[in-house]
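Take a look at the structure set out below.
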Amino acid sequence: MKKNILVIPGDGIGQEVTTWGKKVLEKIAEKYNHEFAFDEAIMGHAAIEVTGNPLPDETLEKAKASDAILFGAIGHIKYDNDPTAKVRPEQGLLKIRKELGLYANLRPILLFDELLDASSLKPEILKGTDILFFRELTGDVYFGEKKRSEDNNFASDLMNYNRYEVERIARKAFEAARTRGKKLCSVDKANVLETSRLWREVVQELAKEYSDVETEHMFIDNAAMQLVKNPKKFDVVLTANLFGDILTDEASQIAGSMGMLASASIGDGTGFFEPIHGSAHDIAGQNKANPLASILSVALMLDISFGLQEEAKTVTTAVADTLKAGWRTGDIANAQTPADKILGTVEMGEKVLAFIN
Ligand code: NAD
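Numbered according to my numbering, the sequence shown spans residues 59 to 415.
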């Protein structure tokens, strides 16, 4: 199979972890006789520094022309400490999601048994957890009108959703539920928000078409609590952009670390694959970042964008084998992990590559 893959490392640890995602793709191409051609582009702070624009036109054109995108992360401490900055790295990410029509963000909470003790939750609560989040990605308060009064004493972000935006992601989530545990939990705040009432109405209507899927509606505050109380009760979770952003970070602790969670953003065109974590200024450039989320993003790319299920399985199995052999990065190590089993980004990436043979 011939594919053109665009790598956008972005900022901070994004640069470090995508190196390993790319190396894994190269190894898979060699093993299974595929031709993956790579190109690279800038985005975020890295792009602002060079062009003044967090998403240069050239990057967008390359993205549209590629078969899949491997993304790292954007963000820089300079902007986190300056909320008044007009040009910001995250504008690039929001724009590329909108331009590529990436309305569905899939976040599997894949729990490796070897990491049961890496979580702050009890192993007996976690064991057997297998959740697939569908987070809406191109609507909600992220894209609504933003205002600040001239006297600087008032600010507002408009939360809005169109019926079609809810329907298209809900359909994808129902379809996925059919192939899994046949359970869908739609998370909203319909007791308070009008957008959530529309959301719930649309999901209720669609649920009639998917009567083989057990559908449940849950308020976001309750879902946040249930997720740590009894994560096993969830199968597919469908939710809006803001709620999904927060819930999936919470869920990352089930998997042990942000450094373990991959995501796929899909729509009608090119798919976009990235770890759920950010640019992590606190550890950037120190060879401390866990590359596994980027490597697992590659598994999602192979499966979802290229339909290469066996190759995807090879990648996830290599990650599982690496963990079974006891190798850990700092974020997934605990007090019992022997010091000589704790690796840096580069060494961890090399271990995974060695398990793909
Ligand atoms: P973060 O995800 O970058 O980091 C949160 C914590 O998790 C940090 O302590 C970090 O060290 C740790 N962590 C994250 N990924 C890790 C990995 N692979 N291995 C080991 N530890 C890891 O979130 P933050 O600190 O809130 O934000 C930092 C910057 O990233 C900000 O500028 C923010 O805007 C940006 N951000 C970008 C994205 C994205 O590009 N998709 C997502 C979230 C945050």
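Positions of the beta carbon are idealized from the N, C-alpha and C atoms, including for glycine.
Boundaries of the alpha helix (DSSP H) harbouring P147: P147 to E157, taken from the DSSP string.
If you draw a straight line from the Cα of D246 to the Cα of F192, it comes to about 13 Å.
Remark: the shortest separation between the CB of S177 and any heavy atom of the ligand NAD does not fall under 6 Å. Under the DSSP assignment, K287 falls in the alpha helix (DSSP H) whose first and last residues are I278 to K287. The three-state secondary structure of S269, taken from DSSP, is coil. Per the coordinates, the alpha-carbon of G133 lies some 11 Å from the alpha-carbon of A105. With fewer than 16 other beta carbons inside 10 angstroms of its own, P141 counts as exposed. CA-CA distance, V294 to D209, rounds to 45 Å. 7 Å or more divides the Cβ of T187 from the Cβ of P112.
In its chain, beyond the 5 residues on either side, D246, K247 and A248 have a beta carbon closer than 7 Å to the beta carbon of S254. The ligand NAD has no heavy atom closer than 6 Å to the beta-carbon of N288. In the structure shown, S310 adopts helical secondary structure according to DSSP, grouped into three states. Note on F301: 16 or more other CB atoms within 10 angstroms of its CB, so buried under the neighbour-count rule.
In the DSSP annotation of this structure, the continuous segment of the beta strand (DSSP E) that includes R193 starts and ends at D188 to E194.
Distance from the Cα of R206 is smallest, within the candidate group K144, A376 and N163, for K144. For L151, the closest of G130, I167, L169 and D171 by C-alpha to C-alpha distance is G130. Not one heavy atom of the ligand NAD falls within 6 Å of the beta-carbon of D97. By the Cβ-count criterion, V82 is buried, with 16 or more other Cβ atoms from all chains shown falling within 10 Å of its own Cβ.
Straight through space, the alpha carbons of G197 and K409 are spaced by roughly 39 Å.
For I341, the shortest separation between its Cβ and any heavy atom of the ligand NAD lies below 6 Å. Contact annotation, K240 with E272: C-beta distance approximately 6 Å; criterion of less than 8 Å satisfied. Checking the 6 Å criterion, the Cβ of A131 is within range of a heavy atom belonging to the ligand NAD.
Going by beta carbons, V373 and G79 fall outside the 7 Å limit. Within the same chain, V224 and D246 come within 6 Å of W257 by CB-CB distance, once the 5 residues on both sides are set aside. Within its own chain, the residues whose Cβ lies closer than 7 Å to the Cβ of V108, once the five positions on either side in sequence are excluded, are I100, listed in chain order.
It is roughly 42 Å from the alpha-carbon of K204 to the alpha-carbon of K185.
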